[in-house]
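A.B. asks: Here the protein sequences line up with chains A and B, keeping their order.
Counting from 229, one number per residue, gives the positions in the first sequence under my numbering.
Counting from 229, one number per residue, gives the positions in the second sequence under my numbering.
One structure coming up, written as structure tokens, with questions to follow.
2 protein chains.
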Amino acid sequence: MNGAESLIRTALDAGVNVCFANPGTTEMPLVAALDAADGMRAVLGLFEGVCTGAADGYARMAGRPALTLTHLGPGFANGIANLHNARRAHSPIVNLIGDHATWHLKADAPLTSDIESLARPVSAWIRKTAGPGAAANDMAEAIAAAGRWPGAIATLIVPADCQWSEAGAPAPVRAAAAPRPIDSSAIRTAANLIRRHGAKSLLFMGAAALGERGLAVAGRIAAKTGCRLMCETFPARVERGGAMPWVEKLPYFPEQAIEALNPFGAVVLAGAPAPVSFFGYPNAPSMLIPEDREIATLATFADDTAGALERLADELGAPARATAAEAKRPPRPTGALNPATIGAAIAALMPEGAIVMDEAATTGLPFFGASRGAPRHTYLALTGGAIGQGLPCATGAAVACPDRKVIAFQADGSGMYTLQALWTQAREKLDVTTLICNNRRYRILQVELARAGITEPGRKARSLTSLADPEIDWSRMAPGMGVPAVRVETADDLVKQLERALAERGPNLIEMLI
Amino acid sequence: MNGAESLIRTALDAGVNVCFANPGTTEMPLVAALDAADGMRAVLGLFEGVCTGAADGYARMAGRPALTLTHLGPGFANGIANLHNARRAHSPIVNLIGDHATWHLKADAPLTSDIESLARPVSAWIRKTAGPGAAANDMAEAIAAAGRWPGAIATLIVPADCQWSEAGAPAPVRAAAAPRPIDSSAIRTAANLIRRHGAKSLLFMGAAALGERGLAVAGRIAAKTGCRLMCETFPARVERGGAMPWVEKLPYFPEQAIEALNPFGAVVLAGAPAPVSFFGYPNAPSMLIPEDREIATLATFADDTAGALERLADELGAPARATAAEAKRPPRPTGALNPATIGAAIAALMPEGAIVMDEAATTGLPFFGASRGAPRHTYLALTGGAIGQGLPCATGAAVACPDRKVIAFQADGSGMYTLQALWTQAREKLDVTTLICNNRRYRILQVELARAGITEPGRKARSLTSLADPEIDWSRMAPGMGVPAVRVETADDLVKQLERALAERGPNLIEMLI
Numbered sequence: 229m230n231g232a233e234s235l236i237r238t239a240l241d242a243g244v245n246v247c248f249a250n251p252g253t254t255e256m257p258l259v260a261a262l263d264a265a266d267g268m269r270a271v272l273g274l275f276e277g278v279c280t281g282a283a284d285g286y287a288r289m290a291g292r293p294a295l296t297l298t299h300l301g302p303g304f305a306n307g308i309a310n311l312h313n314a315r316r317a318h319s320p321i322v323n324l325i326g327d328h329a330t331w332h333l334k335a336d337a338p339l340t341s342d343i344e345s346l347a348r349p350v351s352a353w354i355r356k357t358a359g360p361g362a363a364a365n366d367m368a369e370a371i372a373a374a375g376r377w378p379g380a381i382a383t384l385i386v387p388a389d390c391q392w393s394e395a396g397a398p399a400p401v402r403a404a405a406a407p408r409p410i411d412s413s414a415i416r417t418a419a420n421l422i423r424r425h426g427a428k429s430l431l432f433m434g435a436a437a438l439g440e441r442g443l444a445v446a447g448r449i450a451a452k453t454g455c456r457l458m459c460e461t462f463p464a465r466v467e468r469g470g471a472m473p474w475v476e477k478l479p480y481f482p483e484q485a486i487e488a489l490n491p492f493g494a495v496v497l498a499g500a501p502a503p504v505s506f507f508g509y510p511n512a513p514s515m516l517i518p519e520d521r522e523i524a525t526l527a528t529f530a531d532d533t534a535g536a537l538e539r540l541a542d543e544l545g546a547p548a549r550a551t552a553a554e555a556k557r558p559p560r561p562t563g564a565l566n567p568a569t570i571g572a573a574i575a576a577l578m579p580e581g582a583i584v585m586d587e588a589a590t591t592g593l594p595f596f597g598a599s600r601g602a603p604r605h606t607y608l609a610l611t612g613g614a615i616g617q618g619l620p621c622a623t624g625a626a627v628a629c630p631d632r633k634v635i636a637f638q639a640d641g642s643g644m645y646t647l648q649a650l651w652t653q654a655r656e657k658l659d660v661t662t663l664i665c666n667n668r669r670y671r672i673l674q675v676e677l678a679r680a681g682i683t684e685p686g687r688k689a690r691s692l693t694s695l696a697d698p699e700i701d702w703s704r705m706a707p708g709m710g711v712p713a714v715r716v717e718t719a720d721d722l723v724k725q726l727e728r729a730l731a732e733r734g735p736n737l738i739e740m741l742i
Numbered sequence: 229m230n231g232a233e234s235l236i237r238t239a240l241d242a243g244v245n246v247c248f249a250n251p252g253t254t255e256m257p258l259v260a261a262l263d264a265a266d267g268m269r270a271v272l273g274l275f276e277g278v279c280t281g282a283a284d285g286y287a288r289m290a291g292r293p294a295l296t297l298t299h300l301g302p303g304f305a306n307g308i309a310n311l312h313n314a315r316r317a318h319s320p321i322v323n324l325i326g327d328h329a330t331w332h333l334k335a336d337a338p339l340t341s342d343i344e345s346l347a348r349p350v351s352a353w354i355r356k357t358a359g360p361g362a363a364a365n366d367m368a369e370a371i372a373a374a375g376r377w378p379g380a381i382a383t384l385i386v387p388a389d390c391q392w393s394e395a396g397a398p399a400p401v402r403a404a405a406a407p408r409p410i411d412s413s414a415i416r417t418a419a420n421l422i423r424r425h426g427a428k429s430l431l432f433m434g435a436a437a438l439g440e441r442g443l444a445v446a447g448r449i450a451a452k453t454g455c456r457l458m459c460e461t462f463p464a465r466v467e468r469g470g471a472m473p474w475v476e477k478l479p480y481f482p483e484q485a486i487e488a489l490n491p492f493g494a495v496v497l498a499g500a501p502a503p504v505s506f507f508g509y510p511n512a513p514s515m516l517i518p519e520d521r522e523i524a525t526l527a528t529f530a531d532d533t534a535g536a537l538e539r540l541a542d543e544l545g546a547p548a549r550a551t552a553a554e555a556k557r558p559p560r561p562t563g564a565l566n567p568a569t570i571g572a573a574i575a576a577l578m579p580e581g582a583i584v585m586d587e588a589a590t591t592g593l594p595f596f597g598a599s600r601g602a603p604r605h606t607y608l609a610l611t612g613g614a615i616g617q618g619l620p621c622a623t624g625a626a627v628a629c630p631d632r633k634v635i636a637f638q639a640d641g642s643g644m645y646t647l648q649a650l651w652t653q654a655r656e657k658l659d660v661t662t663l664i665c666n667n668r669r670y671r672i673l674q675v676e677l678a679r680a681g682i683t684e685p686g687r688k689a690r691s692l693t694s695l696a697d698p699e700i701d702w703s704r705m706a707p708g709m710g711v712p713a714v715r716v717e718t719a720d721d722l723v724k725q726l727e728r729a730l731a732e733r734g735p736n737l738i739e740m741l742i
């Protein structure tokens, strides 16, 4: 068995059985090893950002890492932006990167580059395999590093000669580091704050607090104490609808966020850091909770957040079960197509168990509130602000959950970054319905220009924030990659087409002209 | 004047007047400054790899840097692959990256990342602006660093508050470092080698040796001594056709390259390092020139290579002018569409002054020989092996040379990496004819699999090297981005459509089904 085989078999033994790949010449022995390994699924992306974004979506839904396989420094670099998002989502991922044969590096061949320097900003763990015999063990350690609760990015660089040379057996599975234990004093402090402030206290949640277990107990705590529940602006994953309690989402713009946080005398952090402004603005603070408020950290993302919430519920004497909030789906919208009617249409029609990947930017804002009374579903957001995450992440979520409908709710400007994901959806026959919000502009940047005091932008500023001239026609591009598509221009049309699209299996796309 | 304005005006004063941009919130003051600066052209790319690849193409053709403008670490990361190619091409580029306001960094907002670590592998010069007053001077130094002969990549990170705060006047233009002087002994050594080996000597050329001045004198040296002329496998820019001498291109695969170099007793290097294998293979050497041959470096890429060649010509007593090699265009091909007929069609029809960007991979191989007798034209290659360079580089070349026809000769797999470049071509009405080689596979990887001994690849290996299922339809995708397109399936059809496309102005695309 060569190094590549020992490494791929080690991954399979550890339960890692999906590889999102765009390999090159230096990864050919790994491709052969994937080929030989029964039970390992290889999914081709036509751009590395598709592979890393898909690995993120897969990890968020499956709760375990996939492999990515990319080609030396430049190939890996194409995947960095979505690894940045994955890092912010605390998603477990193992990146496998081929490098030149060890003896060939000194030749400084054209594709030679400093892979470690590129990988460091997005990797919690990096290693370069020193020899073929080390490959299996390196993979076992990479998987353990990626599995460090709740998840981390591990990057393993494997020179081509370490892949093709003879090596030993696969390495045994390593246990991943468990979440940190919660200190009892953190439970007591949080309980005291919530008791003291009651309805003026806020449970601010992220990471595992937004899972089914965390939210169920958060609902019980709210039922007992009247505290309010709020999640991060861009959560990695939220379980919503059905019996899940209503959780507000912190607004994006700092003025609105500060206003939303202002009523609370105390904030208890569960799986999320104290919220900060997405960007710094002149004369605006970084920290969004007013300075004089009491803040307590119940648990960070790296802790057993759901367990901490359960202990907090016990401490507070919360009931064993909270009454589900009464909420209904909105009616099917009619009339003009706009953010409100689009949000309502999705909320009105999405099936039980849907996974909604929201990279809809400004158009997406009304959806979260509108879908409050929708059936049980999962909501995924753009965690790191690196646009181009939605279509790949939806792709990976669909690989992880073949029995659930995935809805990719996608802004046009961001969608253009990694549109190649549609091809992978078509090849893998993934059950993804993509909704493109075609407003022909980087709307958020036009808002930001105005916020920067540029209320009458000149020709170049208008040009740099406009996607018109020429207008992009997604209903032509998507079929070019094997995904059938339609265009809609009214809410009535959207309802009709969305109902049809959701009833079909396999990828399809609806372009919404706003 | 704020920091952003002082910096943009400094660039304009230095003659840097094109900015390939995909800005975000942290670059809004720079967008406003671009808007206010008369004579600065702002070109939007819908993905950062388009911007950096376009800056490379612009630099190769204009001989001076453009700016790129990207958004923090992840936005910049999307441009790294094409900066890797630009670094290998020695193209001058100034990257301008916005960062969070200095005081906001400690908040670790979602888009915060280690930009320097990402930029280092592709940048000869990096600086983070320390205050608004430093911005103008930093830009002047960045431009000087980029102008270091023949060109380098300079990366300037400007925190948002250094952009929006009041600053001083623009900074004066700095002189860029000149090429290193050539040592007389290098001239004499090279002359002696060529005299001694005559027709068994090879002038192996890269960088400025492949410019009009360098090639004219190389032709004179060959006329006098019988030495052969050969260029790197992937040259940044070669002036070809018309009165330019015939220059062979080193083959890609190492066995063929070794065979091509084997006849020569001596190799004189002019602007290129001693050639190395693109990848390392088991039992194959890194260095392609047989060990016992004599090698002399006349000039490296960083030297005044054309000047060195002129002194070498004097030393050898070369004639003042070489007789142009007689060569004719091939006839218009008929019959099946294949690499040979495609190469012949382009060579038969390309107009005088055409710029051919060749990222056609395996399909492109016959073109270089076929176009030997074409009218004067410029040939650009994929220098760093990071695929996805062709469409962006063609875009930038067309911005630099609005009066010349650009032909983007493009493999399908590589083209899918940065297809968003087509939109920029449509917006800017650039005179680019794109020829997509749709063979529905990563053909080079299928060859590499066979070279790695995998002659009967399994299902997954076939799947990871195939672009079929679904087949990509570029003739639908391109119009979706505003570029009219047709499909051809025979050489006769290609000739007809290429003749039409070259006669038009503005972007168009021909998809060749091979």
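We put the CB at the ideal spot given by N, CA and C, even for glycine.
Starting from Asn-306/A, find everything on chain B with Cβ-Cβ shorter than 7 Å and list it in chain order.
C.D. replies: Chain B residues near Asn-306/A: Ala-309.
A.B. asks: Hey, is Lys-688/A's beta-carbon within less than 7 Å of any beta-carbon in chain B?
C.D. replies: Taking Cβ atoms only, chain B reaches closer than 7 Å to Lys-688/A, which makes this a yes.
A.B. asks: Should Leu-384/B and Asp-366/B be called a contact, given that it needs their Cβ atoms to be closer than 7 Å?
C.D. replies: Yes, Cβ-Cβ distance for Leu-384/B and Asp-366/B is below 7 Å.
A.B. asks: In terms of DSSP beta bridges, what is Gly-326/A paired with?
C.D. replies: DSSP output for Gly-326/A lists His-299/A and Val-386/A as bridge partner(s).
A.B. asks: Whose Cβ in chain B lies nearer than 7 Å to the Cβ of Tyr-286/A?
C.D. replies: Per Cβ cutoff of 7 Å: no residues; Tyr-286/A is ~17 Å from chain B at best.
A.B. asks: Suppose the cutoff is 8 Å on Cβ atoms and the five residues either side in sequence are ignored; what does the same chain contact list for Ala-494/A look like?
C.D. replies: Only Leu-421, Ile-422, Arg-424, His-425, Lys-428, Ser-429, Leu-430, Arg-521, Glu-522, Ile-523 and Ala-524 meet the Cβ criterion.
A.B. asks: Among Ala-329/A, Leu-619/A and Pro-463/A, whose alpha-carbon lies nearest the alpha-carbon of Thr-357/A?
C.D. replies: When only C-alpha atoms are compared, the closest one is Ala-329/A.
A.B. asks: Between Leu-258/B, Asn-736/B and Pro-518/B, which has its C-alpha nearest Ser-393/B's C-alpha?
C.D. replies: Answer by Cα proximity: Leu-258/B.
A.B. asks: Whole angstroms are fine: how far does the CA of Leu-544/B sit from the CA of Val-496/B?
C.D. replies: Cα to Cα, the separation comes out at about 14 Å.
A.B. asks: So, with DSSP's three-state summary, where would you put Tyr-286/B?
C.D. replies: It is helical.
A.B. asks: Pairing CB atoms from the segment 432 to 450 of chain B with CB atoms from the segment 535 to 549 of chain B, are three or more of them under 8 Å?
C.D. replies: Contact holds: three or more Cβ-Cβ distances are below 8 Å.
A.B. asks: Name the chain A residues that come within less than 7 Å of Glu-676/B, Cβ to Cβ?
C.D. replies: Simply Thr-253 and Met-256.
A.B. asks: Hey, is Met-740/A's beta-carbon within less than 7 Å of any beta-carbon in chain B?
C.D. replies: No - not a single Cβ of chain B is within 7 Å of the one on Met-740/A.
A.B. asks: Let me make sure I understand the geometry here. Which of Gly-439/B, Ala-614/B, Leu-692/B and Ala-370/B has the alpha-carbon closest to that of His-605/B?
C.D. replies: Minimum Cα distance to His-605/B is reached at Gly-439/B.
A.B. asks: From Pro-698/B, Val-466/B and Phe-507/B, pick the residue whose C-alpha is nearest to that of Arg-288/B; which is it?
C.D. replies: The shortest Cα separation from Arg-288/B among Pro-698/B, Val-466/B and Phe-507/B belongs to Val-466/B.
A.B. asks: Can the beta-carbon of Leu-619/B be found less than 7 Å from the beta-carbon of Gly-643/B?
C.D. replies: Their beta carbons are under 7 Å apart, which means Leu-619/B touches Gly-643/B by this criterion.
A.B. asks: Beta-carbon separation of Ala-614/B and Ala-636/B under 7 Å?
C.D. replies: Cβ distance not < 7 Å, so Ala-614/B and Ala-636/B don't count as in contact.
A.B. asks: Suppose only complete runs of 3+ residues qualify. What are the beta strand (DSSP E) ranges in the segment 632 to 692 of chain A, listed by chain order?
C.D. replies: Whole beta strand (DSSP E) segments, 3+ residues: 634 to 639 and 660 to 666.
A.B. asks: In this structure, what does DSSP give as the bridge partners for Glu-467/B?
C.D. replies: Glu-467/B pairs with Thr-606/B.
A.B. asks: Specify the secondary structure class of Val-748/B as computed by DSSP and reduced to three states.
C.D. replies: Lying outside 229 to 742, the shown extent of chain B, residue 748/B is not represented and no answer is given.
A.B. asks: Might you give, ordered along the chain, the residues of its own chain that have their beta carbon closer than 6 Å to the beta carbon of Lys-477/A, omitting 5 neighbours on each side?
C.D. replies: These residues qualify, in order along the chain: Cys-459 and Phe-596.
A.B. asks: Per DSSP, which residues does Cys-247/B bridge with? Please list them.
C.D. replies: Note: Cys-247/B sits in a beta bridge opposite Ala-270/B and Leu-295/B.
A.B. asks: Any C-beta of chain B sitting closer than 7 Å to the C-beta of Met-433/A?
C.D. replies: Judged by the 7 Å Cβ criterion, Met-433/A is not in contact with chain B.
A.B. asks: Please report the straight-line C-alpha distance between Ala-639/B and Gly-571/B, rounded to a whole angstrom.
C.D. replies: Taking the straight line from one Cα to the other gives about 13 Å.
A.B. asks: Can you tell me the Cα-Cα spacing of Pro-409/B and Ala-305/A, whole angstroms?
C.D. replies: Answer to the nearest angstrom: the Cα atoms are 36 Å apart.
A.B. asks: Report yes if the CB atom of Ala-602/A is closer than 7 Å to the CB atom of Ala-626/A, and no otherwise.
C.D. replies: It is not a contact, given that the beta carbons lie outside the stated cut-off.
A.B. asks: Quick check: the Cα distance between Pro-712/A and Ala-654/A, rounded to an integer number of angstroms?
C.D. replies: Near 9 Å, if we compare the C-alpha coordinates of Ala-654/A and Pro-712/A.
A.B. asks: Of all the CB atoms in chain A, is at least one closer than 7 Å to the CB of Ile-682/B?
C.D. replies: It does: the Cβ of Ile-682/B has a partner Cβ on chain A nearer than 7 Å.
A.B. asks: Could you give the DSSP three-state label for Thr-562/B: helix, strand or coil?
C.D. replies: Residue state, collapsed to three classes: coil.
A.B. asks: Should Gly-379/A be flagged as near chain B, meaning a C-beta pair shorter than 7 Å?
C.D. replies: No - not a single Cβ of chain B is within 7 Å of the one on Gly-379/A.
A.B. asks: Can you check whether the CB of Ala-435/B is closer than 7 Å to the CB of Pro-473/B?
C.D. replies: No, they are not a contact pair.
A.B. asks: From the DSSP output, in three-state form, read off Phe-595/B for me.
C.D. replies: Three-state result, Phe-595/B: helix.
A.B. asks: Looking at C-beta atoms only, is the number of pairs between the segment 694 to 705 of chain A and the segment 731 to 741 of chain A that lie closer than 8 Å three or more?
C.D. replies: The segment 694 to 705 of chain A, when compared against the segment 731 to 741 of chain A, does touch it at the 8 Å Cβ threshold.
A.B. asks: Here's the rule: buried if 16 or more other CB atoms are within 10 angstroms of the residue's CB, otherwise exposed. What is Trp-331/B?
C.D. replies: Exposed, since its Cβ has fewer than 16 Cβ neighbours within 10 Å.
A.B. asks: Could you tell me which uninterrupted beta strand (DSSP E) segments, each at least 3 residues in length, are contained entirely in the segment 330 to 359 of chain A, listed from first to last along the chain?
C.D. replies: For the segment 330 to 359 of chain A, whole beta strand (DSSP E) runs of length 3 or above, ordered along the chain, are 353 to 356.
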